[in-house]
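S.K.:
Number of protein chains: 2
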Amino acid sequence: MSDYTLTIKTDEKKGVLDDITYIITNHEANISYTHLFIEKNGVGSINLELEHVKDIDALIRDLKNISEIKSVELHGSQFDIYGKRIIIVGGGAQVSQVAMGAITEADRHNIRGERISIDTIPLVGENDLAEAIEAISLLPRVHALVLAGSLMGGEITKSVKKVKQESNLIVISLNMPGSVTEYADLIITDPIQAGVLAVMSIADTAVFDINRLGENIKY
Amino acid sequence: MSDYTLTIKTDEKKGVLDDITYIITNHEANISYTHLFIEKNGVGSINLELEHVKDIDALIRDLKNISEIKSVELHGSQFDIYGKRIIIVGGGAQVSQVAMGAITEADRHNIRGERISIDTIPLVGENDLAEAIEAISLLPRVHALVLAGSLMGGEITKSVKKVKQESNLIVISLNMPGSVTEYADLIITDPIQAGVLAVMSIADTAVFDINRLGENIKY
Numbered sequence: 003m004s005d006y007t008l009t010i011k012t013d014e015k016k017g018v019l020d021d022i023t024y025i026i027t028n029h030e031a032n033i034s035y036t037h038l039f040i041e042k043n044g045v046g047s048i049n050l051e052l053e054h055v056k057d058i059d060a061l062i063r064d065l066k067n068i069s070e071i072k073s074v075e076l077h078g079s080q081f082d083i084y085g086k087r088i089i090i091v092g093g094g095a096q097v098s099q100v101a102m103g104a105i106t107e108a109d110r111h112n113i114r115g116e117r118i119s120i121d122t123i124p125l126v127g128e129n130d131l132a133e134a135i136e137a138i139s140l141l142p143r144v145h146a147l148v149l150a151g152s153l154m155g156g157e158i159t160k161s162v163k164k165v166k167q168e169s170n171l172i173v174i175s176l177n178m179p180g181s182v183t184e185y186a187d188l189i190i191t192d193p194i195q196a197g198v199l200a201v202m203s204i205a206d207t208a209v210f211d212i213n214r215l216g217e218n219i220k221y
Numbered sequence: 003m004s005d006y007t008l009t010i011k012t013d014e015k016k017g018v019l020d021d022i023t024y025i026i027t028n029h030e031a032n033i034s035y036t037h038l039f040i041e042k043n044g045v046g047s048i049n050l051e052l053e054h055v056k057d058i059d060a061l062i063r064d065l066k067n068i069s070e071i072k073s074v075e076l077h078g079s080q081f082d083i084y085g086k087r088i089i090i091v092g093g094g095a096q097v098s099q100v101a102m103g104a105i106t107e108a109d110r111h112n113i114r115g116e117r118i119s120i121d122t123i124p125l126v127g128e129n130d131l132a133e134a135i136e137a138i139s140l141l142p143r144v145h146a147l148v149l150a151g152s153l154m155g156g157e158i159t160k161s162v163k164k165v166k167q168e169s170n171l172i173v174i175s176l177n178m179p180g181s182v183t184e185y186a187d188l189i190i191t192d193p194i195q196a197g198v199l200a201v202m203s204i205a206d207t208a209v210f211d212i213n214r215l216g217e218n219i220k221y
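Here the protein sequences line up with chains A and B, keeping their order.
According to our numbering, the stretch in the first sequence is residues 3 to 221, in order.
According to our numbering, the stretch in the second sequence is residues 3 to 221, in order.
1) In the stretch 116-158 of chain B, which residue ranges form an unbroken beta strand (DSSP E) of at least 3 residues, counting only runs that do not cross its ends?
2) Can you pull the chain A residues whose beta carbon is under 8 Å from the beta carbon of residue 151 of chain B, in chain order?
3) Of the choices B:164, B:219, B:171, whose alpha-carbon is the least far from that of residue 188 of chain B?
4) What residues of chain B sit near residue 109 of chain A, judged by a beta carbon separation below 9 Å?
5) Report the rounded CA-to-CA distance for residue 99 of chain A versus residue 194 of chain A, giving the unit in angstroms.
6) Could you work out which residues of chain A lie near residue 70 of chain B, taking near to mean beta carbons separated by less than 7 Å?
7) Measure how close the beta-carbons of residue 83 of chain A and residue 117 of chain A come, nearest whole angstrom, since I'm counting them as under 8 Å.
8) I think residue 204 of chain A touches residue 105 of chain A, with their Cβ atoms under 8 Å apart; what is that distance to the nearest whole Å?
9) Do residue 78 of chain B and residue 133 of chain A come within 8 Å of each other at the CB atom, strictly closer than that value?
10) On the DSSP bridge list, what partners appear for residue 32 of chain A?
11) Can you check whether the C-beta of residue 184 of chain B is within less than 8 Å of a C-beta belonging to chain A?
12) In chain order, what residues of the same chain lie with their CB nearer than 7 Å to the CB of residue 175 of chain B, ignoring the 5 residues before and after it?
13) Only counting the same chain, and skipping five residues up and downstream in sequence, which positions put a Cβ closer than 8 Å to that of residue 202 of chain A?
14) Which of the three DSSP states, helix, strand or coil, is assigned to residue 114 of chain B?
15) State the CB to CB distance for the pair residue 26 of chain A and residue 36 of chain A, rounded to an integer number of angstroms; the pair is presumed to be in contact (CB under 8 Å).
16) Excluding the five sequence neighbours on either side, which residues of its own chain have a C-beta within less than 7 Å of the C-beta of residue 112 of chain B, listed in chain order?
17) For a contact meaning CB atoms closer than 9 Å, what does residue 80 of chain A contact in chain B?
18) Assess contact between the stretch 8-18 of chain A and the stretch 50-63 of chain A, defined as three or more Cβ pairs (one per stretch) separated by less than 8 Å. Is contact present?
19) Near residue 38 of chain A, what residues of its chain come up, given a Cβ to Cβ distance below 8 Å and the 5 sequence neighbours on each side ignored?
20) Figure out for me which residue from B:57, B:13, B:125, B:197 has the closest Cα to the Cα of residue 172 of chain B.
21) Can you give me the Cβ contacts of residue 131 of chain A inside the same chain, cut-off strictly under 6 Å, excluding the 5 residues immediately before and after it?
22) Would residue 145 of chain B pass as an interface residue toward chain A - the criterion being a Cβ-Cβ separation below 8 Å?
Okay, structure coming up:
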């Protein structure tokens with residue numbers, strides 16, 4: 003049983019996804035991610051990441067029997083290509099410095115076979131940031147979050163607490179005023195170092211294990 | 003008719019997604035994005051972005067009738083929260099500099115109500131890069147791609163050409179040896195400026211219109 007990614011081109015018609023999920027369920031495979039969009043030429047494109055597929059050839063054959071389906075293409079998964087994600091949120095000045103540390107460090111690991119993406123959004127304001135942090139669970143492949151700001155508390159802290167309860171997300175915070183640091187796994191003063199450590203904490207090619215540091219440690 | 007995002011918590015059981023898509027099809031709504039994962043406590047979490055929903059209350063009521071579904075939560079879409087994405091790919095040295103320009107510029111637009119994310123992967127090697135560029139279509143919300151390297155051609159160029167044919171993606175390339183610049187909308191020598199212009203080319207808050215520059219212009 004293996005994991006596969008399929009790109010299916012179809013006529014844009016309601017119910018096609020329903021037909022597709024019905025066939026996948028019949029093959030007892032799981033869908034872990036889908037993304038749908040309409041191409042320039044009006045053709046619908048459906049990307050599916052599948053887990054626990056027993057017989058991919060039989061599955062593709064059954065999918066091709068749906069009359070609206072034009073083609074089914076098999077390729078590497080998003081996880082294989084873009085790998086683990088680190089999300090950096092906060093003010094532009096800090097986010098750009100953390101990103102610089104993280105991208106430079108990710109480059110060193112990706113050269114050795116890792117796949118780590120560094121994704122960012124410069125965003126300020128208590129409610130907007132709280133909403134973005136809570137919505138981290140909507141995003142696929144996120145392994146670590148870096149809080150790159152100068153002052154974060156209140157609703158932002160509540161969001162960080164909720165995300166930590168629901169997932170194994172690693173949270174690294176810059177050293178800053180505000181209650182958000184109470185829920186971080188690691189608090190770092192230098193933004194470049196925060197970016198480097200975020201990558202090291204999720205890289206299989208690194209010897210660093212954040213769990214050996216203890217909780218809520220400040221540097 | 004409106005767009006909504008639902009987070010559905012369910013018992014992890016094969017066929018639940020099939021039941022959900024069946025109900026959504028019956029309500030004549032479209033699914034534009036889904037992401038599924040298992041929480042720490044073993045509960046399945048399904049995020050659905052829906053388009054053209056006629057009666058969201060009736061839809062939620064019908065979903066809650068599925069016996070495996072524990073809760074249905076309505077909230078802002080990924081697009082509302084994380085907005086348009088710029089993807090920067092290439093070597094770490096260049097990617098980090100383009101990211102710095104893009105993050106700093108995105109900060110200025112996001113403060114004025116935009117939502118622009120700057121997402122990156124430091125990646126080298128002709129085939130790995132070609133695969134990552136071709137897979138851009140697997141990622142949601144991508145509006146621009148920046149090729150941040152020192153030498154790109156061959157398979158990478160073929161991928162850029164294919165992506166340009168299938169989508170309206172804006173492609174900005176650093177000025178470099180290699181055929182990849184032939185298919186870029188804009189070729190920029192300074193990486194900081196390339197990042198700034200990538201943001202300006204997709205920001206509604208910017209007065210810059212890349213289509214007014216003509217094709218394949220070099221700076």
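Idealized CB from N, CA, C, for every residue including glycine.
As the structure is a computational prediction, the values presented were derived from the model and not from experiment.
M.R.: A quick look at the data gives this:
1) 118-124, 144-150
2) Numbered from its first residue, the second sequence carries residue 151 of chain B at position 149. In chain order: nothing, as chain A lies at least about 12 Å away.
3) Position 186 of the second sequence, counted from the start, is the residue given in the question as residue 188 of chain B. Comparing Cα-Cα distances from residue 188 of chain B to each of B:164, B:219, B:171, the minimum goes to B:219.
4) Numbered from 1 along the first sequence, position 107 holds the residue referred to as residue 109 of chain A. 93, 94, 95, 97, 98, 124, 125, 126, listed in chain order.
5) Position 97 of the first sequence, counting from 1, holds the residue named residue 99 of chain A. Position 192 of the first sequence, counting from 1, holds the residue named residue 194 of chain A. Cα-Cα distance, rounded: 6 Å.
6) Taking the second sequence and counting its residues from 1, the one referred to as residue 70 of chain B is at position 68. Per Cβ cutoff of 7 Å: no residues; residue 70 of chain B is ~13 Å from chain A at best.
7) Your numbering for residue 83 of chain A matches position 81 in the first sequence. Your numbering for residue 117 of chain A matches position 115 in the first sequence. The pair is a contact, with the Cβ atoms about 7 Å apart (cut-off 8 Å).
8) Translated into the one-based positions of the first sequence, residue 204 of chain A becomes position 202. Translated into the one-based positions of the first sequence, residue 105 of chain A becomes position 103. Wrong, their Cβ atoms sit about 14 Å apart, outside the cutoff.
9) Here the question's residue 133 of chain A lines up with position 131 in the first sequence. Here the question's residue 78 of chain B lines up with position 76 in the second sequence. In this structure, residue 78 of chain B lies closer than 8 Å to residue 133 of chain A by Cβ.
10) Within the first sequence, the letter at position 30 stands for residue 32 of chain A. DSSP, once it has assigned bridges, lists A:53 as partnering residue 32 of chain A.
11) The residue you call residue 184 of chain B lines up with position 182 of the second sequence. No, residue 184 of chain B lies away from the interface with chain A (no Cβ there is under 8 Å from its Cβ).
12) Within the second sequence, residue 175 of chain B is the residue found at index 173, counting from 1. Counting only Cβ-Cβ distances below 7 Å, and skipping sequence neighbours, we find 149, 182, 183, 186, 189.
13) Position 200 of the first sequence, counted from the start, is the residue given in the question as residue 202 of chain A. Once the five neighbours on either side are set aside, the close Cβ partners of residue 202 of chain A are 107, 208, 210.
14) Locating residue 114 of chain B in the second sequence gives position 112, where the first residue counts as 1. Three-state result, residue 114 of chain B: coil.
15) As a working mapping, residue 26 of chain A is identified with position 24 in the first sequence. As a working mapping, residue 36 of chain A is identified with position 34 in the first sequence. Their Cβ separation, rounded to whole angstroms, is 10 Å, which puts residue 26 of chain A and residue 36 of chain A out of contact at 8 Å.
16) On the second sequence, position 110 is the one that residue 112 of chain B refers to. Correct list, in chain order: 118.
17) The residue labelled residue 80 of chain A in the question sits at position 78 within the first sequence. Within 9 Å Cβ-Cβ: 137, 140, 141.
18) yes
19) Numbered from 1 along the first sequence, position 36 holds the residue referred to as residue 38 of chain A. Only 19, 46, 47, 48, 49 meet the Cβ criterion.
20) Counting from 1 along the second sequence, the entry for residue 172 of chain B is found at position 170. Cα-wise, what sits closest to residue 172 of chain B is B:197.
21) Translated into the one-based positions of the first sequence, residue 131 of chain A becomes position 129. The answer, listed in chain order, is 125, 158.
22) The count along the second sequence starts at 1 and reaches residue 145 of chain B at position 143. With 8 Å as the cut-off, residue 145 of chain B does not count as an interface residue toward chain A.
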